[in-house]
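J.:
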Amino acid sequence: MTTDRSTDPNTPSLIPAAPPLVTEADAERIAAAYFGVSGAARSLGSHEDRNFLLETGTERLLLKVANPATSIDEVTAQSAAAAHLAERAPAVRAPRARTTTGGAPVAQVPHEGTVLHVRLLDFLDGGTLSGSGHLAPSIVDALGDLAARVDLALSDFEAPGVERPHQWDLRQSRSVLPELFGHLDDPALRSRLEAIAHRAWEALAPLEDDLPVQAVHGDLTDDNVVWSDPVRRTPDGVIDLGDLNRTWPVGGLAITFSSLLHHDGVDLPAAVRALQAYHRRRPLSSGEASAFWPLVVLRAVHLVASGHHVVSREPGNAYAAENLPHEEAILAAAVSVPLPVATRLVRRTLGLPSVVTEIPSALPLLPEIGADSVTVLDLSAASADVEDGAWLDASLEERLARGALAAGGRAAITRFGEARVTRATTYAQQAPATVATGIDITLDRPATLVAPWNGRLSRDDAGLVLRGDGEAAGIRLELTAASVEGGPLAEAGGRDERPVSRGDAIGTATQHLTVRVVREGDDGYGEETRVPAFVAPAWADAWLAVVADPSPLLPGHPSPAEREDPAALLARRDRVFAEVQEHYYDAPPIIARGWKQYLIDTDGRVYLDMVNNVTALGHAHPRIAAAANRQLRTLNTNSRFHYSAVVEYAERLTELTPEPLETVFLVNSGSEAVDLALRLARAATGRRDVLAVRESYHGWTDLADAVSTSVADNPAALATRPDWVHTIDAPNSFRGVHRDEEAARYAPEAVAEIERLAAQGRAPGAFVAETFFGNAGGVALPDGYLAAVYAAVRAHGGLAVADEVQVGFGRLGEWFWGFEQQGVVPDIVAVAKAIGNGHPLGAVITTREIAAAYRREGYFFASTGGSPVSSVIGSTVLDVIRDEGLQENARTVGAYLRAQVLGLDHPLVGAVHGSGLYLGIELVRDRTTREPATEETAALCDRMRELGVIVQPTGDHQNVLKIKPPLCLEKADVDAFVRAFARALQGR
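Residue 497 in the working numbering sits at position 496 of the sequence shown, with consecutive numbering throughout.
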């Protein structure tokens, strides 16, 4: 147990006086006189010391002037600890001390009547994690791991000056905090901080004696770690060992952890990743895990109290004033959930046993309602009752319940712990509270409520409360919206508790009732535990520390909702799915539903889908679903049978293409479409040689892959092409070999290559290219490019193949087909993706003469290409594009999106390519050199998902955000996207 020094008036204060006044000129003089180093000094912020960056012209150093309260032994120990750390953990950068001109590690400098202890340290290049900017999960992980490495390295460090009473040592909080509280002018703040600290001390008291002790850094926070890579910002070094002390390492970890809590997007469940990373390297004991959260709370109280004290003591201390809002945010986060809930989160994260609230043996709460008269509502994202966007209707839960009662049910009941999609919201930048902590019941008529156990009954503004006695002691049953009628409180004028026995009538459930079972007690901070009706999914398990499933009390005993673990499902996928079939994101959510431009995961989180050009009309379009369902119930076979649907669909496709493109093949995918187009060109020309554009992707079948040259999709793409594939420069006017006005050179150079091949007797039988450079992010081809290349290819007997798989079918807004933008007509068009709205459907459209040439290689057949279902779906897609004006919507909304992104004027945004709703936001580190911001792009994609937006990179440098959402995207969606994008860009 630590000693409470606050009651002894003779005990010296642990709170140091203000640091000495040392100017930048003083610092320069001290450096020159005592260390023989000349340079320009710049003052750096600190609560207690005076720190100066010293720039000599050849190197940067740190001149550190210790607070007079710090002894020379303590200062010497700090330098020794840095050297020890460098020796034991060489991968961790630490600031080594320079000696004085006399060889001493510390200069003793007389200054204004006192002696200053001054050191000259290496200045670690890089930057810190200071400020409140977003920290990626990888950074949070790295910070926890770094803290563990430092603790392991210092575990055997001993030196005079390490064992010392110190104000930031959480073991000393019982002495330090009361003294700090005495300096607070705000009585309300002082009272609140005292109450919070008292509860934390109570939780910590039985654990203290068993906590291990060693030398620790003492202030390993976001301000005191450094990174060397400005893109990844992975902390790899530590600075400022001024709080070096012998204390609990778990206290040092609490200090590290708390520094995360003011960062954008780093909530408590996100921050515990640091704890998990620490535990992997230096496992915490059970006692340390239980002590962790009270220590986090004490650290937060200490920060706020000290911050207010320093600001009042030194009104001009800008460093302290700027930090105070961050410190208050840390405290708010630390006490945002009850202490038992936070502790369960910690212990479960570390894989340690944790308290869970269980319901005692009980009688039925509603005995007059039989199980066979109850309907259990399914409000999950996968429920059939939330289709066609019904989940967006705020009254859906009520309508479903009333529908169940109208069908003859006595009661409609929800599930405990279910993530309700009915509580989801669009455009939420953090996971909404969707998981129910109780059960809602809707009744067809009033029913008597019966006490399930002995207890004391009372009422509050919400309804009835039964506090259990005997074996139910410590359990609180909350019955929201329950009436006192029929119970002992019916005639009571006040709200005094009344004893009730198991089986007694306690009131009446009228139309609605919410049942919640809560473990009695305070929240750990002096207030009665208040359980929210819904919590965020990341908190659902942690709240089981104080909430129990009330299902056993209710008719039908509805089983609690089982929430599938995304990591477990991913592990199953990895066991049975080929590794090369990749997935988005390292830790992907489980997507359960799509609707229009939104995707919804099993936690009820709604994502704005900015990447899904496969479902061009929008997810789960009701007309597509109805058409497929109707046709499946009627006929589905292969196209060698005679039926009207395939003819009608083929006719409609030829109506969309210019003459002489009048003949259609139907296949199942874009890869098949491109493959067939190339086979047609071979058959028609008798030539194998093909000319392809570099940095392109056309598919995975043999021929489609052969002409795919994107190194992002296949790093060996160019080196492994067959000898019949010839490539030309990608006509990228932003990043290619010819940029801006020079892009006009691409076409003549391509023509020259065709002439060269023809002169060698290898004139290409086909030229294949996307008509809008989709794989590069929607870069428009230079004016006249395709006209020149098509003419050159045709002059030597070859054919022009247009890959419209990604950009065709109205996505470009101004044009239905990409080739229209170039003012050309290809010989063969390959199209897929959008034409089936997610159904496997592709098409090749060509001339009758070219199609007839295929007979030389036999006949063509695709089992499901052109099936009745596929044909009906294809026709319905065309109907919807026409009826809903989706091409025009792509034009107007796409233009709005482009303008809004360009309006951000962020230095990372080098260009916005494309047209309509096929756009590419190209990210660069330098707008002049156009150096690709590849790693920044990957980080932005991850951050955007955290903010509720699905977007992915494209291009050979993977530095272009591909924007190809469903064509039903609205301006409100654009605004949400831009808000998230702007937030993700902050600090970059």
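The beta carbon of each residue, even a glycine, is placed where N, CA and C say it ideally should be.
Rounded to the nearest angstrom, what separates His840 and Asp714 at their Cα positions?
T.: 24 angstroms
J.: Among the candidates Ala759, Ala748 and Arg689, whose CA atom is the shortest distance from the CA of Trp725?
T.: Arg689
J.: Quick one: what's Glu937 bridged to in DSSP?
T.: Glu937 is not bridged to any residue.
J.: Just tell me which of Ala78, His118 and Ala330 has its CA closest to the CA of Asn68.
T.: The shortest Cα separation from Asn68 among Ala78, His118 and Ala330 belongs to His118.
J.: Going straight from the alpha carbon of Val979 to that of Ala143, what length do you get?
T.: 30 angstroms
J.: Is it buried or exposed, Asn630, if we count other Cβ atoms within 10 angstroms and call 16 or more buried?
T.: exposed
J.: Hey, out of Leu155, Ala301, Ala204 and Glu486, whose CA is closest to Thr257's CA?
T.: The shortest C-alpha to C-alpha distance from Thr257 to any of Leu155, Ala301, Ala204 and Glu486 is the one to Ala301.
J.: Quick one: residues in its chain with C-beta nearer than 6 angstroms to the C-beta of Val387, no 5 flanking neighbours on either side, listed in chain order?
T.: Contacts found: Val422.
J.: Using the DSSP secondary-structure output, state which residues sit across from Asn52 in a beta bridge.
T.: Leu45 and Lys65
J.: Near Ser993, which residues of its chain fall below 8 angstroms by C-beta distance, leaving aside the five closest residues on each side in sequence?
T.: Residue 993 falls outside the range modelled here, since the chain spans only 2 to 989, and no answer is possible.
J.: Applying the 10 Å Cβ sphere with the 16-neighbour rule, what's the burial state of Val581?
T.: So Val581 counts as exposed.
J.: Using alpha carbons as the reference points, say which of Pro933, Ala432, Arg274 and Pro96 lies closest to Ala990.
T.: The question about residue 990 has no answer here: the residues shown for the chain are numbered 2 through 989.
J.: Taking the alpha helix (DSSP H) that Tyr320 falls in, what are its first and last residues?
T.: Ala319 to Ala335 is the extent of the alpha helix (DSSP H) around Tyr320.
J.: Compare the C-alpha of Leu480 against each of Leu367, Thr222, Ala569 and Thr728 and name the closest.
T.: Leu367
J.: Spatial neighbours of Leu970 within its chain, please: CB distance less than 7 angstroms, with the 5 preceding and 5 following residues excluded, ordered by chain position.
T.: Gln598, Val894 and Leu918
J.: Please check the pair Pro699 and Val790, which I expect to be a contact at CB under 8 angstroms, by giving their CB distance rounded to whole angstroms.
T.: The question names Pro, yet the displayed sequence has His at residue 699. About 16 angstroms; that fails the 8 angstroms criterion.
J.: Apart from the five residues on each side of it in sequence, which residues of its chain come closer than 7 angstroms, Cβ to Cβ, to Val536?
T.: Ala434, Val436, Thr438 and Trp544
J.: Are at least three pairs of beta-carbons, each pair with one atom in the region 309 to 325 and one in the region 266 to 283, less than 8 angstroms apart?
T.: no
J.: Would DSSP call Asp461 helix, strand or coil?
T.: The three-state secondary structure of Asp461, taken from DSSP, is coil.
J.: Hey, which unbroken runs of the alpha helix (DSSP H) at 4 residues or more fall wholly within the region 163 to 241?
T.: 174 to 182 and 188 to 205
J.: Phe820: buried (16+ other C-beta within 10 angstroms of its C-beta) or exposed?
T.: buried
J.: Taking its Cβ as the centre, do 16 or more other Cβ atoms sit within 10 Å of Arg899, making it buried, or is it exposed?
T.: buried
J.: If distances are taken between C-alpha atoms only, which option among Asp152, Pro765, Arg695 and Ala319 comes closest to Ala682?
T.: Pro765
J.: Can you tell me which of the three DSSP states Asp244 falls into?
T.: coil
J.: In terms of residues, what are the limits of the beta strand (DSSP E) holding Trp596?
T.: Ile592 to Trp596
J.: Using 10 angstroms around the beta-carbon of Pro783, count the other beta-carbons present and answer buried if the total reaches 16, otherwise exposed.
T.: buried
J.: Measure how close the beta-carbons of Ser711 and Asp957 come, nearest whole angstrom, since I'm counting them as under 8 angstroms.
T.: 6 angstroms
J.: Which one of His263, Leu296, Arg573 and Ser697 has the shortest CA to CA distance from Ala803?
T.: Ser697
J.: Taking all protein chains shown into account, do 16 or more other C-beta atoms lie within 10 angstroms of the C-beta of Lys972, making it buried, or fewer, making it exposed?
T.: exposed
J.: Can you give me the Cβ contacts of Arg989 inside the same chain, cut-off strictly under 7 angstroms, excluding the 5 residues immediately before and after it?
T.: Leu909 and Glu937
J.: If I follow the unbroken alpha helix (DSSP H) through Leu633, where does it start and stop?
T.: Unbroken alpha helix (DSSP H) run through Leu633: Pro623 to Leu633.
J.: Does the distance from the C-beta atom of Ala83 to that of Arg61 stay below 8 angstroms?
T.: Contact flag unset, no.
J.: Drop a sphere of 10 angstroms on the beta-carbon of Pro284, count the other beta-carbons inside from all chains shown, and report buried for 16 or more, exposed for fewer.
T.: exposed
J.: Looking only at C-alpha atoms, which of Phe735, Pro453, Ala292 and Ala306 sits nearest to Pro361?
T.: Pro453
J.: Could you check if Ser672 is buried or exposed, using at least 16 other CB atoms within 10 Å of its CB as the buried criterion?
T.: buried
J.: Helix, strand or coil for Pro538? Go by DSSP, reduced to three states.
T.: helix
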